[in-house]
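Residue numbering for the sequence shown follows the working numbering, beginning at 17 and increasing consecutively. In this text, a Cβ means the ideal position worked out from N, Cα and C, and glycines have one as well. The structure appears below as structure tokens.
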Amino acid sequence: MHEMALGRGLVQLLEEQAQAQGFARVRKVTLALGDLGHVDPESLAFCFDVVTKGTVAEGAVLDIRRPAGQAHCWDCGIAVTIQSRADACPSCGGHRLSVIAGDEMTVRELEVD
Numbered sequence: 017m018h019e020m021a022l023g024r025g026l027v028q029l030l031e032e033q034a035q036a037q038g039f040a041r042v043r044k045v046t047l048a049l050g051d052l053g054h055v056d057p058e059s060l061a062f063c064f065d066v067v068t069k070g071t072v073a074e075g076a077v078l079d080i081r082r083p084a085g086q087a088h089c090w091d092c093g094i095a096v097t098i099q100s101r102a103d104a105c106p107s108c109g110g111h112r113l114s115v116i117a118g119d120e121m122t123v124r125e126l127e128v129d
């Protein structure tokens, strides 16, 4: 379950930022977790609750946003929305796609005390 490692990494980032920026508690973390990122949002939320015990983020709300997958189609030259990396271009049916968005895991916003 790599979601546990991701949760630990997120808590480490929050602890580092708390020390660097001087806040004592994280109330809410808004996270962009792209649809193409191969991370289960429910598992990540569960793991986050587990690994935050005794940290600056204990009890924090994890607000997970799910940006859609986007790819550039090399056959028709446009950006398209895709549901998986194996999808064909919805415009031309081509398979020469390069992912340009939707595989990220990025902290977008923190609410802290």
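Inter-residue distance for residue 60 and residue 97 is about 24 Å (C-alpha atoms, whole angstroms). Counting only the Cα atoms, residue 46 lies some 18 Å from residue 117.
Judged by DSSP in its simplified three-state form, residue 105 adopts coil rather than helix or strand. Relative to the Cα of residue 35, the nearest Cα in the group 122, 101, 71 and 58 belongs to 71.
Here residue 88 is bridged, per DSSP, to 95 and 114.
The DSSP-derived three-state label of residue 127 is strand. By the 16-neighbour rule on beta-carbons within 10 angstroms, residue 110 is exposed. Annotation: the continuous beta strand (DSSP E) that includes residue 79 extends over 77 to 81. Closest in alpha carbon position to residue 108, among 27, 62, 89 and 58, is 89.
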